[in-house]
Structures are given as C-alpha cells and as structure tokens.
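The opening residue of the sequence shown carries number 1151 in the working numbering; numbering runs sequentially from there. Cβ atoms here follow ideal geometry from the backbone N, Cα and C, with glycine treated the same way. Remember, predicted model here, so these are calculated numbers, not experimental data.
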Amino acid sequence: MNMQNHYPLLSVVIPVYNEEGNIPELYRRLTDVLEKLCSEEQRAGNDYEIILVDDGSNDNSWQLISELHKKDPRVKGISFSRNFGHHIALTAGLDHAEGEAVILMDSDLQDPPEEIPKFYAKFKEGYETVYAIRDKKAEPALKKIVSWIYMKMLKGVSNVDVNINSGIFRIMSKRCVQDIRRMKEKSRFLTGLISWLGYSHTGVMTARHERYAGKSKYSLFKLINLAWHGITAFSRVPLQTATYFGFLAAFISFLYGVYLIARKVLYGIPVMGYTSIMASLFFLGGIILFVLGSIGEYIGRIYEQVQDRPLYLVRERLK
Ligand code: UDP
Ligand code: MG
C-alpha cells in the first residue's frame, strides 16, 4: 500500500481571531464542499481535515471549535496562548497539516469555500500552488490603487511577485508546505514566502464576498506594517537608498557650491541664504532619519532572529 494513503487528501488551514459569528456557517459550507470533493476521489485516504487555528480570540471562537471537534473529528484545533497574528496562525496550521494538499483560507467567508474545487482541479493538473485571483469589483477604489502601487514597488525592489491584496486563499502541495516549514524567519510575510518558492503556480478567478459577520481584524496600522515587512523581508533596496541619496546630495551640493563661489568671485554678490540653509538642513535631516529608520528595521529583524524565540505558543491542541 502506498504510504501516502495514510494521509488525508486535503487539509484546510483557517486562522480564527474573534470569529464566533462566522464559524458555524463556515463549517457548514466548507463541509458541504469537502464532502462532495473527497467522495468524488475514488481512492484510499480520500478524507480531509479542517485545522482551525485560534489566534488568541477573546470571544467564544475556541468553545465553538471544541464543540465542532467533538461532533466531527475531522475538525482539529490549535489554540495560541495569545494573539500572534494572521500569518503566524497560518504558519502554525501549515506546521500541523498532514494533507497531500493544503488549502489556506480566511474564516470570515470572504473567500467562498465553493471555489475550492476550482483550485483542486488545477492542482490535479500538476500545479504546486494555485492561488485566488480576486474579483476586485467589491474592493474600494482607493484600496485597489494603493495595492496596485505597492505590488509594482515590491516587484521592482525584489524579485518576488505578490499582490498584498491577493490574500492567502490558495491550495499548496505537500512539497511546498514542507519547504515553507524549513523557513525559519520570525517575521512572516507568508504570501511572499510562497511566491519565493517558485515551482509551477497559477491563479484562478474567484469571487470575493463581503465578510459574513463581524468586522475586519486588520487595522490600517497592521496593513502598513505587513506592507513594510513585505518590502524589507525580500529586498535590501531600502538599505541602499542611503548610498543613492548620499551620492545625489553630494553631487547637487557640489554644483551649487561652484555656482555660489563663481557668483561671489566674478560678480561680487555676497552669499545670502538663511532660507536655503534651513531648507537643506531639514531636507537632509529628513533623509538621514529615513535611512536610519530603515537600517533600524533591519537591525530589529536581526535582533528578533538572534533572540530565537518560538514563533508561537500553543495553549491547547485538539487533534
Ligand atoms: N486573523 C488572525 N489574527 C489576527 C488578525 C486576523 O488570525 O491578528 C484572521 C481573521 O480571523 C481572518 C483572517 O485572519 O480569518 C483575515 O482577517 P480579516 O478578515 O480581519 O482581514 P481582511 O479580510 O479585512 O483583510
Ligand atoms: Mg476578511
């Protein structure tokens, strides 16, 4: 018998942070889809598991997960000791997933479970990852523009091609999951890491709905943080800006100096310039602080990495 038959066919990894209003509906719709999909597969081990990772919720989410687990052993739960963040919760799910293919999705039903068969069909064609290309009609225009600019920027400064707005809804092969497990960085920008893997990948158009219940757990601050993480995790360009700015400033001030001296020597015009001194002082000060800040960002990363704390702590596990 093939060893692989012992593993479930599909693992679905879902991070949960205060989603009590979504869990029952999510379970119902997801189970419907997975039952159908797995029963169509005529082979052994054609089962699935749903791994709900509770990222330190302070509502009833964990209780709901425990009840589901009692009722349906295919539902597994991991509960963190506190809130560690979306991408770390996903990482924990990947660490514990046993499926031949792993699906990542959010728990708010913005990613409709009914789209999973599309992913699976492409996966069976031989792609290692199949990600959702969101139908963006529902997104606000400003979010669309900002994420487009960000995507171009990230692609420009690194060779990683991700859309921060494309979300995490996707299917991944066991092989990709094993590779992700080998990545030891503490700051996780998971979509970037998956894109970094390479392998064959493709996207499928999927619907994107409004949240079923509750409010978004991503504040603007968390989003900016994730975006900045994405850039600094995959590119050293912010560090190099110091060189560019320095070179540019030196070049411009050299030309300007020559001009001032010529004016003084040839025409006897005295150098006046409280305004220009103040303007250039603030300008240079700003640049210096920006560059120092980005150096600090990288040092912070190194510090975090050297401390080598565990990525997350599990309070309770239902398997
Ligand atoms: N989430 C999480 N930890 C957090 C924030 C969010 O596990 O600290 C989960 C959340 O429960 C949801 C997913 O990550 O399943 C995406 O979050 P959300 O829907 O709030 O983000 P948005 O869709 O608004 O970008
Ligand atoms: Mg959402």
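Starting from the Cα of residue i, find the closest Cα among the options and give me that residue.
i: D1258; options: E1170, V1252 and A1291; result: E1170
i: L1187; options: V1203, L1160, D1205 and S1207; result: L1160
i: F1234; options: I1402, I1452, K1372 and S1430; result: K1372
i: L1184; options: Y1198, N1309 and I1427; result: Y1198
i: T1356; options: R1284, N1196 and I1381; result: R1284
i: A1270; options: K1302, G1353, G1435 and Y1394; result: Before going on, a small fix: residue 1270 reads as Tyr here, not Ala. The residue with the shortest Cα to Cα distance from Y1270 is G1353.
i: S1366; options: L1176, Q1260, G1436 and Y1406; result: Q1260
i: S1216; options: I1374, A1247 and P1174; result: P1174
i: I1419; options: T1425, S1426 and L1410; result: L1410
i: Y1448; options: Y1424, L1398 and A1383; result: A1383
i: L1439; options: S1369, A1247, A1392 and I1374; result: A1392
i: G1435; options: A1399, H1246, L1176 and D1209; result: A1399
i: Y1462; options: E1191, I1299, H1246 and M1428; result: H1246
i: Y1177; options: G1450, K1221 and S1207; result: K1221
Taking residue i and residue j to be in contact with their CB atoms under 8 Å, please state how far apart those CB atoms are, rounded to whole angstroms.
i: V1327; j: V1387; result: Contact doesn't hold; Cβ gap of about 30 Å is too wide.
i: I1200; j: K1226; result: 7 Å
i: S1350; j: E1278; result: 5 Å
i: S1444; j: L1389; result: 6 Å
i: A1377; j: R1320; result: Rounded, the Cβ-Cβ distance is 19 Å, inconsistent with contact.
i: V1296; j: L1304; result: With 8 Å as the limit, V1296 and L1304 do not qualify as a contact, their Cβ atoms being about 12 Å apart.
i: P1223; j: H1359; result: Wrong, their Cβ atoms sit about 29 Å apart, outside the cutoff.
i: K1274; j: Q1455; result: About 38 Å separates the two Cβ atoms, so there is no contact after all.
i: K1272; j: V1280; result: 4 Å
i: V1252; j: M1322; result: 5 Å
i: E1264; j: P1158; result: No, E1264 and P1158 are not in contact; Cβ-Cβ is about 20 Å, not under 8 Å.
Does chain B have any CB closer than 9 Å to the CB of residue i?
i: I1201; result: Within the model displayed, chain B is absent; a lone protein chain is all it includes.
Starting from the C-beta of residue i, find all residues in its chain whose C-beta is less than 7 Å away, skip the five residues before and the five after it, and write them out in chain order.
i: L1240; result: V1163, P1165, L1254, I1318 and L1340
i: L1347; result: C1326 and D1329
i: L1343; result: I1330 and M1333
i: R1413; result: I1419
i: P1460; result: none
For residue i, is the classification buried or exposed, using 16 other Cβ atoms within 10 angstroms of its Cβ as the cut-off for buried?
i: Y1167; result: buried
i: D1182; result: exposed
i: F1433; result: exposed
i: V1441; result: buried
i: E1250; result: buried
i: G1243; result: buried
i: L1180; result: buried
i: D1458; result: exposed
i: I1381; result: buried
i: Y1394; result: exposed
i: S1345; result: buried
i: K1469; result: exposed
i: S1211; result: buried
i: L1370; result: exposed
i: L1218; result: buried
i: Y1453; result: exposed
i: S1207; result: buried
i: V1415; result: exposed
How would you write the range of the alpha helix (DSSP H) that residue i sits in, first residue to last?
i: A1357; result: Unbroken run through A1357: none, as it is neither H nor E.
i: F1404; result: V1387 to A1412
i: G1435; result: Y1424 to Q1457
Whose C-beta lies closer than 6 Å to the C-beta of residue i among residues of the same chain, with five residues either side of it excluded?
i: A1363; result: G1171 and N1172
i: H1236; result: P1165
i: R1467; result: I1228
i: N1152; result: Note on N1152: pLDDT 43, under 50, position unreliable in the model; the coordinate value appears next. Nothing listed; no residue qualifies.
i: G1396; result: none
i: I1437; result: F1395
Enumerate in chain order the residues of its own chain whose CB-to-CB distance from residue i is below 8 Å, with the five nearest sequence positions on each side excluded.
i: D1205; result: P1165, V1166, Y1167, F1230, N1233, F1234, G1235, H1236, I1238 and A1239
i: H1379; result: S1337 and F1339
i: V1408; result: none
i: V1464; result: I1228, S1229, F1230, S1231 and A1242
i: D1256; result: I1164, P1165, G1317, I1318 and F1319
For the beta strand (DSSP E) that residue i lies in, which residues bound it at each end?
i: E1199; result: Y1198 to D1204
i: I1480; result: In this structure the chain extends from 1151 to 1469, so residue 1480 is not present and cannot be described.
i: E1278; result: Careful: E1278 lies outside any beta strand (DSSP E) and carries neither H nor E.
i: M1322; result: R1320 to S1323
i: K1226; result: V1225 to F1230
i: I1253; result: A1251 to L1254
i: E1466; result: V1464 to L1468
task: With a cut-off of 7 Å, give the chain-ordered residues whose Cβ is closer than this to any heavy atom of the ligand ATP.
output: As far as ligands go, the structure on display features the ligand UDP and the ligand MG and does not contain the ligand ATP.
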